[in-house]
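Residue numbers (this note's numbering): 2 to 481.
Set out below in structure tokens:
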């Protein structure tokens, strides 16, 4: 069994095994002609259930053959131009190379004596992102597992900085289309059931600052504490960007911590054309960025940034076996002092490899392409009488629904759109997402693949209309 340990004596075995795995994946990518096979859970589950994990195959080639049957063949492939569903980006090759390196070396980014150069690379990337964000010379941050963890850490810092003697008095303000992790974080932080105050949005799905000002004033009159305002720079459903400068002003007046959830919109930090869409982010007290959304990085790759590095002390704990207090005086850079996690992957290496190979402008141009594509897609939808499109895109998301000419019952239209999404997924021809606008069901394109074209969008719209029309026709037949 020692032959499977990666070390100096097994380096050639490692090279052969990884090469064979890469060749399998490369062949699969080259042959993939649709984003999904349409396999159902009921069909796939028995294959996996039948595998006896206590009887190993013993041979990498045999394992890869089996993996083809239970995973590679039926995986949902985000690189395909007709994968249009969630915030999943195709990944760039330098980042995948970084993934291979970091997995093999397996550094843990909690302490210097486990990571050495990895610690400095992560810190350099945090400094680079802080500079792009404009947070100032005292800024700092740390890589995290994703936007939900970044939001949780930011709100933990906000809670501690609020210095309230009663958690029940603390309030967090977020738009009614903000990410659910705000609500989840409030619960994890022990805040009351009414802690998160939802602020209505305007026609473009941006937080209404007049309503925010009213809620902040009501908070003051009720003797409550405005702990934080969460502004979203790229909502999950609409890609909308809250008015950051106005929110920053209101936070300054009320003393509330300003957190910007830019998990999606952080791609604008590298944008060549659209950086001004997140002007005002430089006034935030904390920022969430997800490189694995709009920097074309493999999951996971995220970070939380703070304007004032000293606020990270709220997550600092010292253990004699890991990061004793004396290491602070000795100026030993232990990243665990800033993180909610202890053992932590060297995910920063993927972004490092990408920047050193492509440069920030290279990433930014890719993101600009999908933002441009969304505008073209919006024009297609706006000109097509079969569809109702909700808002013009701020980033790369389109929310719309099929509207049949001969049907006026909103519930029946809902069912037609739900059916179209399910039927499209079952066919494997394309993958789209869904959401609700008000009480009604809508469909969603999240365009993060520069290889997607307007022809792809038009073709998928035709498929959606076809599935919806077939459902409505069958529904009419059943009614008769």
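Glycine included, each C-beta is placed from N, C-alpha and C at the ideal position.
Residue 153 to residue 43 span [Cα, whole Å]:
36 Å
So, are the CB atoms of residue 542 and residue 85 less than 8 Å apart?
Residue numbering for the chain in the displayed model covers 2 to 481; residue 542 lies beyond these limits and cannot be assessed.
Following the continuous beta strand (DSSP E) through residue 172, name the residue where it begins and the one where it ends.
Residues 171 to 176.
In whole angstroms, what separates the C-alpha of residue 132 from that of residue 406?
52 Å
Classify residue 313: buried if its beta carbon has 16 or more other beta carbons within 10 angstroms, exposed otherwise.
buried
Over the uninterrupted alpha helix (DSSP H) stretch that includes residue 164, give me the two end residues.
Where residue 164 is concerned, there is no enclosing alpha helix (DSSP H), given that its DSSP letter is neither H nor E.
In this structure, does DSSP put residue 426 in helix, strand or coil?
helix
Look at the alpha carbon of residue 203 and the alpha carbon of residue 211, and state the distance between them as a whole number of angstroms.
10 Å
Sheet register partners of residue 306 (DSSP bridge):
According to DSSP, residue 306 bridges with 142 and 288.
Based on DSSP bridge pairs, tell me the residues matched to residue 258.
229
DSSP three-state label for residue 103, please.
Helix.
Taking the straight line between their C-alpha atoms, what separation do you get for residue 201 and residue 340?
33 Å
Nearest-angstrom Cβ-Cβ length linking residue 301 and residue 146, presumed shorter than 8 Å
5 Å
Using the rule of at least 16 other Cβ atoms within 10 Å of the residue's Cβ for burial, across every protein chain shown, is residue 268 buried or exposed?
buried
Within 10 angstroms of its Cβ, does residue 468 collect 16 or more other Cβ (buried), or is it exposed?
buried
Alpha helix (DSSP H) segment containing residue 368, residue limits:
349 to 384
Once you ignore the five residues that flank residue 168 on each side, which residues in its own chain have a CB closer than 6 Å to its CB?
191 and 192
Would you report the Cα separation of residue 310 and residue 423, rounded to the nearest angstrom?
Residue 310 and residue 423: Cα-Cα distance of roughly 47 Å.
How big is the Cα-Cα spacing for residue 123 and residue 214?
38 Å
Residue 299 and residue 70 look like a contact to me (Cβ under 8 Å); what is the Cβ gap, rounded to whole Å?
Between residue 70 and residue 299 the Cβ distance is about 24 Å, and since that is not below 8 Å, they are no contact.
Can you pull the DSSP bridge partners for residue 265?
Answer is none; residue 265 lacks a bridge partner.
Would you tell me roughly how many angstroms separate the C-alpha atoms of residue 256 and residue 173, rounded to the nearest one?
12 Å
Excluding the five sequence neighbours on either side, which residues of its own chain have a C-beta within less than 7 Å of the C-beta of residue 249, listed in chain order?
Excluding the 5 residues flanking it on each side, residue 249 has same chain C-beta neighbours closer than 7 Å at 259, 281 and 284, in chain order.
In the DSSP output, what is residue 242 paired with across the bridge?
234
Taking all protein chains shown into account, do 16 or more other C-beta atoms lie within 10 angstroms of the C-beta of residue 95, making it buried, or fewer, making it exposed?
buried
Residue 82 to residue 430 span [Cα, whole Å]:
11 Å
Out of curiosity, what's the CA-to-CA distance linking residue 379 and residue 239?
12 Å
My output table needs one value for residue 434: the three-state DSSP class, helix, strand or coil.
strand
By Cβ distance, which residues of its chain are closer than 6 Å to residue 149, with the 5 residues on each side in sequence left out?
Excluding positions up to five away in sequence, the list reads 182.
Contact under 8 Å by Cβ, residue 304 with residue 142:
yes
Whole alpha helix (DSSP H) runs in the segment 29 to 60 with 4 or more residues, listed along the chain?
42 to 50
So, residue 425 versus residue 438, is the Cβ gap smaller than 8 Å?
no
Could you tell me which of 194, 352, 454 and 400 sits nearest to residue 144, measuring between CA atoms?
Residue 144 has its Cα closest to that of 352, out of 194, 352, 454 and 400.
Only counting the same chain, and skipping five residues up and downstream in sequence, which positions put a Cβ closer than 7 Å to that of residue 18?
So the qualifying residues of the chain are 61.
Would you identify the three-state DSSP class for residue 445, choosing helix, strand or coil?
strand
Once you ignore the five residues that flank residue 127 on each side, which residues in its own chain have a CB closer than 6 Å to its CB?
142
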